[in-house]
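Under this note's numbering, the first residue of the sequence shown is numbered 1310, with each subsequent residue one higher.
Yeah, the Cβ is synthetic: ideal placement off N, Cα and C, and Gly gets one too.
If you're wondering where the values come from, they're calculated on a predicted model, not measured in any experiment.
Note sheet for the following structure.
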Amino acid sequence: MLEEELLDLMTFCLQNPDSSEITDKHKRITEIGQELFADGGIDALENFFFVLKNRIIGEIEKDPSPMRSLWNGFAAEWEY
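Right, here's the structure in full:
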């Protein structure tokens, strides 16, 4: 369920970079990242992002990699 929500949020952000909703979407992406990190640490973040990146690139041909930085600060190993 979180994967689908993240997919929708990131896709929206990539397709609507000038939207007034971007700040709220980024906030929710960060919240979900915190939940993932609390449940599975860095491995969970890496695994989720890998899947999301491949799906988003496959579906809309845009790379969500810049949004990895929204999860910075959870652990020293995650700095983008």
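Start-to-end residues for the alpha helix (DSSP H) that takes in Arg1364: Taking the sequence shown and counting its residues from 1, one reaches residue 1364 at position 55. Start and end: Ile1331 to Ile1369.
task: Consult DSSP for Asp1372 and reduce its assignment to one of helix, strand or coil.
output: Here the question's residue 1372 lines up with position 63 in the sequence shown. DSSP places Asp1372 in coil when its eight states are reduced to three.
- prompt: Where does Phe1358 land, buried or exposed, given buried means 16+ other C-beta within 10 angstroms?
  reply: Counted from its first residue, the sequence shown places residue 1358 at position 49. It is buried - the Cβ of Phe1358 has at least 16 other Cβ atoms within 10 Å.
Validate contact between the segment 1327 to 1343 and the segment 1361 to 1375 using beta carbons, cut 8 Å, 3 pairs: no
- prompt: Roughly how far, in whole angstroms, is the beta-carbon of Glu1313 from the beta-carbon of Ile1351, given that I think they are within contact range, below 8 Å?
  reply: Along the sequence shown, one-based indexing puts residue 1313 at 4. Along the sequence shown, one-based indexing puts residue 1351 at 42. Their Cβ separation, rounded to whole angstroms, is 22 Å, which puts Glu1313 and Ile1351 out of contact at 8 Å.
query: Thinking C-alpha only, which one of Glu1370, Asn1356, Ser1378 and Tyr1389 is nearest Leu1311?
result: One-based indexing of the sequence shown puts residue 1311 at position 2. Nearest option by C-alpha distance: Asn1356.
- prompt: When you compare only the Cα positions, how much space is there between Thr1320 and Arg1364?
  reply: Taking the sequence shown and counting its residues from 1, the one referred to as residue 1320 is at position 11. Taking the sequence shown and counting its residues from 1, the one referred to as residue 1364 is at position 55. So the two alpha carbons sit approximately 10 Å from each other.
query: In chain order, what residues of the same chain have a beta carbon less than 8 Å from the beta carbon of Leu1361, not counting five sequence neighbours either side?
result: Mapped onto the sequence shown, residue 1361 falls at position 52. Only Glu1312, Leu1315, Leu1316, Met1319 and Pro1373 meet the Cβ criterion.
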